[in-house]
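Each residue of the sequence shown is one higher than the last, beginning at 10 in our numbering. Data first, discussion second: the structure below is written as structure tokens.
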Amino acid sequence: MRIITTESYQEMSLEATKIVAGQVYLKPTSVLGLATGSTPEGLYDNLVAVHRTIGLDFSEVTTFNLDEYIGMAPENPQSYHYFMHKHFFDLVNVRPENIFPDGCAEDVPAACKAYDKLIREKGGIDLQVLGIGRNAHIGFNEPDVKFEATTHKVKLDDETIQANARFFEDEEAVPRYAISMGIKTIMLARHVILLANGPEKAEAVKKAVCGSVSPAAPASILQLHQDVTVIVDRAAASMLPEEYQHGAHEIF
Ligand code: PGA
């Protein structure tokens, strides 16, 4: 695991941009795993800028999104599908068939199985982008998730519902269920970058980077992945050992 601690959200987004843009530049047919949420918005803005200024080409890239709310149609502005189109897909030359878990599937277990099969058929994920929840979830893999789970239906934690209420009219409107890539799906990605900013993520980052590896803190499993880069701002790094609060470090 490598950790890069930056001075600001903007710098965190730039570090992530270098990795994602480098991946696409070096392998134009890359398979990217993508995350929604406030954290990666700066990364997507930067990738759009790199596309527009120097023509970074996404035309051969395949994307898989981490998760989607159950019952949410793609055209619903609160769907993750809609978010990705608004912040990224509609602004670059990525192919129109970006791939999402089907939140409206009639047979959810079959849709989950098909999702993992499609990832395998596309050759697996080269680079997976992750945010982290205050409860250390990755994707919607909430505490006490089964590490061996592949893409599956999840019930959102109360803490996640409260955190995501900011995107809805009120807490009641937040869906209770989602489809999420499982921990196993995420762990099969060849390279993972985890982004976090702000003091409210400090405890989750500490658990992810130096806590016990346990389903109680789903992101802690990343300590066992062979190629993970954690990119955080100073506030999100504030509960880490002093040496990790500046600059870049190989942890082990
Ligand atoms: P956020 O969400 O980027 O909106 O903070 C991250 C997450 O819950 O995984």
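Glycine included, C-beta positions come from ideal geometry on N, C-alpha and C. All values derive from a computational prediction rather than experimental measurement.
| Item | Value |
| --- | --- |
| Secondary structure, alpha helix (DSSP H): runs of 4+ residues fully inside the segment 78-123 | 89-96 |
| Selected residue, minimal CA-CA separation from Cys219, among Pro250, His234 and His200 | Pro250 |
| Contact under 9 Å by Cβ, Tyr4 with Asp111 | Given that the chain is displayed from residue 10 to residue 261, the structure contains no residue 4 and the question cannot be resolved. |
| The segment 137-153 in contact with the segment 47-67 per 3-pair CB rule at 8 Å | yes |
| Same chain, Cβ closer than 6 Å to Ala211, neighbours up to 5 away in sequence not counted | Ala245, Ser247 and Met248 |
| Sequence-distant residues of the same chain with beta carbon closer than 6 Å to Pro83, five excluded per side | His90 |
| Any residue whose CB is nearer than 5 Å to a heavy atom belonging to the ligand PGA, listed in chain order | Gly46, Ser47, Thr48, Gly140 and Gly142 |
| Interface flag, Thr48 vs chain B, CB-CB below 9 Å | Absent here is chain B; the protein component of the structure consists of one chain. |
| Buried or exposed by the 16-neighbour rule on C-beta atoms within 10 Å, applied to Thr38 | exposed |
| Residues bridged to Asn74 (per DSSP) | Leu43 |
| Three-state secondary structure assigned by DSSP to Gly51 | helix |
| Inter-residue Cα distance where the pair is Glu259 and Val70 | 29 Å |
| Own chain partners of Asp99 with C-beta closer than 8 Å, once the 5 adjacent residues on each side are dropped | none |
| For Glu20, the first and last residue of its enclosing alpha helix (DSSP H) | Tyr18 to Leu35 |
| Segment limits, beta strand (DSSP E) that includes Gln137 | Leu136 to Leu139 |
| Backbone secondary structure at Asn173 - three-state DSSP | helix |
| Three-state secondary structure (DSSP) of Val218 | helix |
| Close Cβ partners of His200 (< 6 Å) along its chain, the five nearest in sequence each way excluded | Leu136 and Asp236 |
| Segment contact flag, the segment 216-231 with the segment 52-60, C-beta cutoff 8 Å, min 3 pairs | no |
| Contiguous beta strand (DSSP E) assignments of at least 3 residues, all confined to the segment 178-214 | 186-189 and 200-205 |
| Beta-ladder partner(s) of Asn144, from DSSP | Answer is none; Asn144 lacks a bridge partner. |
| Distance CB(Val305)-CB(Ser189) smaller than 9 Å | Since the displayed the chain opens at 10 and closes at 261, residue 305 lies outside it and no answer follows. |
| Reduced DSSP secondary structure (H/G/I, E/B, other) of Arg61 | helix |
| Spatial neighbours of Phe109 in its chain, beta-carbon cut-off 6 Å, leaving aside the 5 residues before and after | Asn74, Glu77 and His90 |
| DSSP bridge partner residues for Asp242 (one or two, in chain order) | Thr15 |
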